[in-house]
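Engineer: Protein chains in written order, with the numbering used here: chain A, 1 to 278; chain B, 1001 to 1220; chain C, 2001 to 2284.
My questions will all concern the structure given below.
See below:
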């Protein structure tokens, strides 16, 4: 608890302007702090009171059986649940020290700080270049050279550059599934977030593409904070530093990945990871 | 996950089987030695094949389980423990085999007063109790039962330490018993080793059930 | 006879029945077009297109009706296209999904089925009389716009619905506002479907007769419209007028005019099909 307060104090010392929740000089130490958060869809209590702290520059994995609320919980961080009918939440979620559910918060700014990659690769039906440049276009950047530099840089970061450099005008829909997903990651990186959320990013990919994406996640950890929902426990154990186990809307256990998979604290966790249920 | 569960249960049973066989081998060897019963010793010697076969089977099952089922947490600790337990049990059976070989090859009855002086029966009884402890610990996942062997092992260590001076004194009394004395010395050493092996097994069982590593630590 | 054989026979029988029905329709259409072509194809020449209507069949041309149809088409496009698409976008993207919006959706679909003459009567009262526009091209266009508006709205909504939610999610996740997402992703992705719907709606408008008659499009107009407030006639009305004349020459004229009208309709539908195919390929 004391450690958490320390981190908050560190980040709150800077003055944060009203319509931008993130001071860009704090980008490197992105933290997420969740306090007693509950979520309802109409009368269905999807999340039943969760406290959690995500540490900067780590990969945190959310595991748990289907329908346990891990995707819902993930989407709280970039407020994508706002589009779901009858969504209601209570509690506080602080990103870099500021509560993101306050009325004043500019949701579009929030999403530039926290990017998201989805389960099924969803590139826009446009060219590879336009896909990556879209986020920049949204921000009103018009400098053609700057855009080109950023696009190339992002494609290089996701190790896609060599595969597509010959024809950036080609339609993104012509790429393979694994390439499309890496393109989606590049597109997210272009906006220069500090936190990247991934909702089962490799469950629609073949093993080789999955391995490439996992390698990429490991590399990205240096600059970003990553939270990933996964159905695949071996994936969680391979790539994450911390693992959180969810069940029926509750956070059962949240610990170092090594501990969860060698000697978890809760019997329920052990039952799940050894396949006794779920 | 049903297949993994089934395989794990099979492996558990194999472990129990190995424990049972080795216990019986050791008990027969003890009886054969104490009563100079060559027939019983022959049984032990012939049975060694079964022990070796089971050892190999368990090794192979562990390898297969690791490759196919990605065990974690308690399942992983179980595989790690059962391999070592299996290894130690095989060594215990080996010792039983050697002792039986002595019975068959050396055609002399050991003078009872020597056995008494060395506290042979006590040593054997302690070992039998230790085997009961770890059998209970293994079958019932009972850590307390496992811990009971540590104190008993100290008893064995003491008898072993004393054996040197006891034998020295006996030999000085009567030179003719040198070959029996040497034989006994060798057997006592083996029994002390068996005690150590049982202690190892207890440590592995504690690790598997409680995830506590008591190896190389001071035992209370 | 076991069930497998029975099924096979039913299969064949249905196939034959289906082919028969299709051929029936196609043959009728072929006969109709063939008949028209025989009657009218010889009559079509440059004079026919540029001549004004007259009492003498050989001197009668479709110039005024053709110009009127073109005026009506262009003006209706200018009015109905933006209004219809905007309404469709609003209803699909901004409308709340409650009972009221469900009722609204049903009613808009119903409007597409209202007999066109009713729109004519509405147009007559509101545009011609109350708004004082008279029997002008503008009034006619406004009336037809109302008629095809539901079709455009429904087509727009369907096209937008078919844009996968994942595209919108991706756009929002990158920090786009609702409008940015609609303008940059939803509309471009649904443009093919929308265009198809608009073109089909317009090609129907080109062939409408009853509402325009009610609004006051004249049968005998000796001039082409030069402004939206001018009086006008359209091809279908001209055709109707010629058919009711006894002289054989006018029957030929009518056939020729029908050919021109069919040509316009086929071309417009062809363009619509072309766009639809291009759009479907893009989304894959």
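Think of the CB as a built atom: it goes at the ideal place given N, C-alpha and C, for glycine as much as any other residue.
Do you know offhand how far residue 1031(B)'s Cα is from residue 1081(B)'s?
Structural biologist: Within the second chain, the letter at position 31 stands for residue 1031(B). Within the second chain, the letter at position 81 stands for residue 1081(B). Their backbone Cα atoms lie some 30 Å apart in a straight line.
Engineer: What residues from chain A crowd round residue 2286(C), counting only those whose CB sits closer than 7 Å?
Structural biologist: Limits of chain C in this structure are 2001 at one end and 2284 at the other, which puts residue 2286(C) out of reach.
Engineer: For residue 262(A), return the contacting residues in chain B, with the cut-off set at a CB-CB distance below 9 Å.
Structural biologist: Looking up residue 262(A) in the first chain gives position 262. Here the neighbours are 1072, 1073, 1076, 1077 and 1211.
Engineer: Out of 1118(B), 1203(B), 1037(B) and 1075(B), state which residue places its alpha-carbon closest to the alpha-carbon of residue 1157(B).
Structural biologist: The sequence position of residue 1157(B) within the second chain is 157, counting from 1. That would be 1118(B), whose Cα lies nearest to the Cα of residue 1157(B).
Engineer: Hey, quick one: how far does the alpha helix (DSSP H) through residue 43(A) stretch, first residue to last?
Structural biologist: Translated into positions along the first chain, residue 43(A) becomes position 43. That residue, residue 43(A), is in no alpha helix (DSSP H); it is neither H nor E in DSSP.
Engineer: Is the segment 2225–2242 of chain C touching the segment 2168–2181 of chain C, taking contact as three or more C-beta pairs under 8 Å?
Structural biologist: At 8 Å Cβ cutoff, the stretches do not touch.
Engineer: Where do the ends of the beta strand (DSSP E) carrying residue 199(A) lie?
Structural biologist: Residue numbering aside, residue 199(A) sits at position 199 when the first chain is read from its first letter. Unbroken beta strand (DSSP E) run through residue 199(A): 195–199.
Engineer: Just to confirm, are residue 136(A) and residue 190(A) a CB contact at a threshold of 8 Å?
Structural biologist: Taking the first chain and counting its residues from 1, one reaches residue 136(A) at position 136. Taking the first chain and counting its residues from 1, one reaches residue 190(A) at position 190. Taking 8 Å as the Cβ cut-off, residue 136(A) and residue 190(A) qualify as a contacting pair.
Engineer: With a threshold of 8 Å between beta carbons, is residue 1004(B) in contact with chain A?
Structural biologist: For the purposes of this step, residue 1004(B) is taken as residue 4 along the second chain, with counting starting at 1. Judged by the 8 Å Cβ criterion, residue 1004(B) is in contact with chain A.
Engineer: What separation, rounded to the nearest whole angstrom, lies between the Cα atoms of residue 2279(C) and residue 98(A)?
Structural biologist: Indexing the third chain from 1 puts residue 2279(C) at position 279. Indexing the first chain from 1 puts residue 98(A) at position 98. Distance between the alpha carbons of residue 2279(C) and residue 98(A): 44 Å.
Engineer: Could you give the distance in angstroms between the alpha-carbon of residue 2246(C) and the alpha-carbon of residue 2253(C)?
Structural biologist: Residue mapping note: residue 2246(C) aligns to position 246 of the third chain, counting from 1. Residue mapping note: residue 2253(C) aligns to position 253 of the third chain, counting from 1. If you take the alpha carbons of residue 2246(C) and residue 2253(C), they lie about 12 Å apart.
Engineer: Buried or exposed for residue 75(A), going by 16 or more other Cβ atoms inside 10 Å?
Structural biologist: Taking the first residue of the first chain as 1, we reach residue 75(A) at position 75. Buried, by the Cβ-count rule.
Engineer: Using only the alpha-carbon positions, how far apart do residue 100(A) and residue 2180(C) sit?
Structural biologist: For the purposes of this step, residue 100(A) is taken as the residue at position 100 of the first chain. For the purposes of this step, residue 2180(C) is taken as the residue at position 180 of the third chain. Their Cα atoms are separated by approximately 22 Å.
Engineer: Are at least three pairs of beta-carbons, each pair with one atom in the segment 2104–2121 of chain C and one in the segment 2233–2248 of chain C, less than 8 Å apart?
Structural biologist: The segment 2104–2121 of chain C, when compared against the segment 2233–2248 of chain C, does not touch it at the 8 Å Cβ threshold.
Engineer: In the DSSP assignment, what are the bridge partners of residue 115(A)?
Structural biologist: Counted from its first residue, the first chain places residue 115(A) at position 115. The partner list for residue 115(A) (beta bridge, DSSP) reads 196(A).
Engineer: Looking only at its own chain, which residues have a Cβ that is under 7 Å from the Cβ of residue 2258(C), when we skip the five neighbours before and after it?
Structural biologist: Residue mapping note: residue 2258(C) aligns to position 258 of the third chain, counting from 1. The residues are 2036, 2040 and 2239.
Engineer: With 8 Å as the threshold, decide whether the Cβ of residue 274(A) is near any Cβ in chain B.
Structural biologist: The sequence position of residue 274(A) within the first chain is 274, counting from 1. With 8 Å as the cut-off, residue 274(A) counts as an interface residue toward chain B.
Engineer: Whole angstroms is fine: what's the gap from residue 66(A)'s alpha carbon to residue 236(A)'s?
Structural biologist: The residue you call residue 66(A) lines up with position 66 of the first chain. The residue you call residue 236(A) lines up with position 236 of the first chain. Near 15 Å, if we compare the C-alpha coordinates of residue 236(A) and residue 66(A).
Engineer: What is the DSSP secondary structure of residue 250(A), counted as helix, strand or coil?
Structural biologist: Taking the first residue of the first chain as position 1, residue 250(A) is located at position 250. Of the three classes helix, strand and coil, the one that applies to residue 250(A) here is strand, per DSSP.
Engineer: According to DSSP, is residue 226(A) part of a helix, a strand, or is it coil?
Structural biologist: What you label residue 226(A) is simply residue 226 of the first chain in a count that begins at 1. It is a strand residue.
Engineer: For residue 2208(C), is the classification buried or exposed, using 16 other Cβ atoms within 10 angstroms of its Cβ as the cut-off for buried?
Structural biologist: To locate residue 2208(C), count along the third chain from 1; it is residue 208. Per the 10 Å Cβ criterion, buried.
Engineer: Buried or exposed, going by whether 16 or more other CB atoms sit within 10 Å of the CB of residue 78(A)?
Structural biologist: Counted from its first residue, the first chain places residue 78(A) at position 78. By the neighbour-count rule (16 or more Cβ atoms within 10 Å), residue 78(A) is buried.
Engineer: Where do the ends of the alpha helix (DSSP H) carrying residue 2158(C) lie?
Structural biologist: Along the third chain, read from residue 1 onward, the residue named residue 2158(C) stands at position 158. 2137–2161 is the span of the alpha helix (DSSP H), which, as asked, contains residue 2158(C).
Engineer: Leaving out five residues on either side along the sequence, give the residues of the same chain with a beta carbon under 6 Å from the beta carbon of residue 2242(C).
Structural biologist: Residue 2242(C) sits at position 242 when you count from the first residue of the third chain. Cβ neighbours of residue 2242(C) beyond the five flanking positions: 2250, 2253 and 2254.
Engineer: Identify the continuous alpha helix (DSSP H) that holds residue 2132(C) and give its terminal residues.
Structural biologist: As a first step, residue 2132(C) must be located in the third chain, where it is residue number 132. Neither: residue 2132(C) is in no alpha helix (DSSP H) and is coded neither H nor E.
Engineer: By Cβ distance below 7 Å, which residues in the same chain neighbour residue 1109(B) in space, the five residues on each side in sequence not counted?
Structural biologist: Locating residue 1109(B) in the second chain gives position 109, where the first residue counts as 1. Excluding residues within five positions, the ones whose Cβ falls inside 7 Å are 1036.
Engineer: In the segment 2173–2200 of chain C, which residues sit with their C-beta less than 9 Å from some C-beta in chain A, listed in chain order?
Structural biologist: Answer set for the segment 2173–2200 of chain C: 2173, 2174, 2175, 2176, 2177, 2180, 2184, 2185, 2188 and 2189.
Engineer: For the pair the segment 80–91 of chain A and the segment 164–183 of chain A, tell me if three or more CB-CB distances fall below 8 Å.
Structural biologist: Too few Cβ pairs lie closer than 8 Å, so no.
Engineer: Evaluate residue 2023(C) with the Cβ neighbour count: other Cβ atoms within 10 Å of its Cβ, from every protein chain shown; 16 or more gives buried, anything less gives exposed.
Structural biologist: Numbered from its first residue, the third chain carries residue 2023(C) at position 23. Classification of residue 2023(C): exposed, given that the 10 Å Cβ count is below 16.
Engineer: With 7 Å as the limit, tell me which residues of the segment 121–138 of chain A have their beta carbon closer than that to any beta carbon of chain C; keep them in chain order.
Structural biologist: Within the segment 121–138 of chain A, the residues whose Cβ lies closer than 7 Å to some Cβ of chain C are 122, 124, 125, 134, 135 and 138, listed in chain order.
Engineer: Pick out whichever of 197(A), 129(A), 140(A) and 206(A) has its Cα sitting closest to the Cα of residue 152(A).
Structural biologist: Looking up residue 152(A) in the first chain gives position 152. Ranking 197(A), 129(A), 140(A) and 206(A) by Cα distance to residue 152(A) puts 129(A) first.
Engineer: Can you tell me which of the three DSSP states residue 14(A) falls into?
Structural biologist: Residue 14(A) sits at position 14 when you count from the first residue of the first chain. Annotation note: pLDDT 43 at residue 14(A) (below 50); position unreliable, coordinate value reported separately. It is coil, neither helix nor strand.
Engineer: Label residue 2222(C) either buried or exposed according to how many other C-beta atoms from any shown protein chain fall within 10 Å of its C-beta, with 16 as the threshold for buried.
Structural biologist: One-based indexing of the third chain puts residue 2222(C) at position 222. It is exposed - the Cβ of residue 2222(C) has fewer than 16 other Cβ atoms within 10 Å.
Engineer: Opposite residue 54(A) in the DSSP bridges: which residues?
Structural biologist: Here residue 54(A) is taken as the residue at index 54 of the first chain, counted from 1. Answer is 32(A).
Engineer: Touching or not, the segment 1040–1060 of chain B and the segment 227–241 of chain A, by the rule of three or more beta carbon pairs under 8 Å?
Structural biologist: The segment 1040–1060 of chain B, when compared against the segment 227–241 of chain A, does not touch it at the 8 Å Cβ threshold.
Engineer: Taking all protein chains shown into account, decide if residue 2002(C) is buried (16 or more other Cβ within 10 angstroms of its Cβ) or exposed.
Structural biologist: Position 2 of the third chain holds residue 2002(C). It is exposed - the Cβ of residue 2002(C) has fewer than 16 other Cβ atoms within 10 Å.
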